[in-house]
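Asker: Structure below; questions to follow.
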Amino acid sequence: MWSEIMRAFADSPSQSRVALFLLENGLGVNEQGRVVSNEIAIPATQVASVVGVDRRVVDATAKRILEDIQLAPIFARMRATPDLSMVAEHLGLSVITIAPIDARDKGVVEAAVHVLTLHDLAIRQIFVTDPYLAADPKLVLIVDGTLPPGVIEELRSLPQVRRISL
C-alpha cells in the first residue's frame, strides 16, 4: 500500500505526507473529494493544520486520490475504528503493547494470543501497526480485567518480543 502512495505522490512530498496521514488515521476521501471519517466530512484546514501543510495541499491530495484507479477504491472504503486503549482504565480493561523484534515476521499475533487464551483472558481489541507505515510497529492487545500473575513474563519470553509495556 505504501509503495502505491509513494508512486502516486512521488513528485510531491507534502501530498505524500497528507496521504500517509489519512491512511494512518483511517480517514477516507468521498466522491466529492472531501476528507471523511466514516462519512463525516473533516475540514481540509483541520487536516492541513495537523500535517503542517496548506489546506490546498489537502484538497489537491484528495483530488489526486480520486483520480488514481488504484488508490480511489481504497480511500473510498477507509473506515476509522474506535481505539479503546486510551480509555481502557475507565472501562476496567488492561492494555499490553508489544514491540516485536521484526514486525514483518509471521506468528507474532498468534503467539501473543495463545498466551492470553491459556490464561482465559477475553480479548476486546487487537491493533497491529503496519510495519510498512510505522517506524516503530507494535501489537496492542486490550483485554478484560486485570492481568493475572505470569502473563507478562510469558509474553516477554516469546522469541518474537523485543519489548513490552503496560
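In the working numbering, each number is its position in the sequence shown, counted from 1, plus 1427. By construction, the Cβ of each residue, glycine as well, lies at the ideal position given by its N, Cα and C atoms.
So aspartate 1571 and leucine 1520 are supposed to be a Cβ contact under 8 Å. How far apart are they, rounded?
Answerer: Within the sequence shown, numbered from 1, the residue matching residue 1571 stands at position 144. Within the sequence shown, numbered from 1, the residue matching residue 1520 stands at position 93. Going by Cβ atoms, the distance from aspartate 1571 to leucine 1520 rounds to 6 Å, so yes, they are a contact pair.
Asker: Specify whether the stretch 1496 to 1507 and the stretch 1541 to 1550 touch according to this definition: at least 3 beta carbon pairs, one from each stretch, less than 8 Å apart.
Answerer: Taking 8 Å as the limit for Cβ pairs, the verdict is that the stretch 1541 to 1550 does not touch the stretch 1496 to 1507.
Asker: Output the boundary residues of the alpha helix (DSSP H) element that contains aspartate 1486.
Answerer: By one-based count along the sequence shown, residue 1486 stands at place 59. Counting along the chain, the alpha helix (DSSP H) containing aspartate 1486 begins and ends at 1482 to 1494.
Asker: Which value, in whole angstroms, describes the spacing of the CA atoms of glutamate 1451 and alanine 1538?
Answerer: Here residue 1451 refers to the residue found at position 24 of the sequence shown. Here residue 1538 refers to the residue found at position 111 of the sequence shown. Looking at the two C-alpha atoms, the distance is approximately 25 Å.
Asker: For my contact list, valine 1478 and valine 1445 are in at a C-beta cut-off of 8 Å; report their separation, rounded to the angstrom.
Answerer: Within the sequence shown, the letter at position 51 stands for residue 1478. Within the sequence shown, the letter at position 18 stands for residue 1445. Between valine 1445 and valine 1478 the Cβ distance is about 5 Å, and since that is below 8 Å, they are a contact.
Asker: Give every residue of the same chain whose Cβ lies closer than 7 Å to the Cβ of aspartate 1532, excluding the five residues on either side of it in the sequence, and list them in chain order.
Answerer: For this step, residue 1532 is matched to residue 105 along the sequence shown. Within the same chain, aspartate 1532 has close Cβ partners Gln1587.
Asker: Any idea if glutamine 1442 is buried or exposed, counting beta-carbon neighbours within 10 angstroms, 16 or more meaning buried?
Answerer: For the purposes of this step, residue 1442 is taken as the residue at position 15 of the sequence shown. With 16 or more other Cβ atoms within 10 Å, it is buried.
Asker: Here's a check: name, in chain order, each residue in its chain whose Cβ is nearer than 7 Å to the Cβ of alanine 1499, leaving out the five neighbours to either side.
Answerer: As a first step, residue 1499 is located in the sequence shown; it is residue number 72 there, counting from the start. Contacts found: Ile1492, Leu1493.
Asker: Valine 1522 to methionine 1513, Cα distance in whole Å?
Answerer: What you label residue 1522 is simply residue 95 of the sequence shown in a count that begins at 1. What you label residue 1513 is simply residue 86 of the sequence shown in a count that begins at 1. Going by the C-alpha atoms only, they are around 9 Å apart.
Asker: Relative to the C-alpha of valine 1484, which residue among Ala1530, Pro1509, Phe1436, Ile1467 is closest?
Answerer: Along the sequence shown, read from residue 1 onward, the residue named residue 1484 stands at position 57. Ranking the options by Cα distance to valine 1484, first place goes to Phe1436.
Asker: Decide if proline 1509 is buried, meaning its Cβ has at least 16 other Cβ atoms within 10 Å, or exposed.
Answerer: In the sequence shown, the residue the question calls residue 1509 occupies position 82. That one is exposed.
Asker: Please report the distance separating the alpha-carbon of isoleucine 1501 from that of leucine 1447.
Answerer: Within the sequence shown, the letter at position 74 stands for residue 1501. Within the sequence shown, the letter at position 20 stands for residue 1447. Distance between the alpha carbons of isoleucine 1501 and leucine 1447 is about 13 Å.
Asker: Kindly identify the DSSP beta-bridge partner or partners of glycine 1455.
Answerer: Residue 1455 sits at position 28 when you count from the first residue of the sequence shown. BP columns for glycine 1455 point to Val1463.
Asker: Counting only runs that start and end within the stretch 1515 to 1581, where is the beta strand (DSSP E) found for 3 or more residues in a row?
Answerer: Runs of the beta strand (DSSP E) inside the stretch 1515 to 1581: 1520 to 1527, 1550 to 1555, 1566 to 1571.
Asker: Which residues does DSSP pair with isoleucine 1501 in a beta bridge?
Answerer: As a first step, residue 1501 must be located in the sequence shown, where it is residue number 74. Beta-bridge pairing links isoleucine 1501 to no other residue.
Asker: Looking only at DSSP bridge pairs, what is isoleucine 1591 linked to?
Answerer: As a position in the sequence shown, residue 1591 is number 164, starting the count at 1. Answer is Ile1525, bridged to isoleucine 1591.
Asker: Return helix, strand or coil for alanine 1507, following the three-state DSSP convention.
Answerer: As a first step, residue 1507 must be located in the sequence shown, where it is residue number 80. In this structure, alanine 1507 counts as coil in the three-state DSSP scheme.
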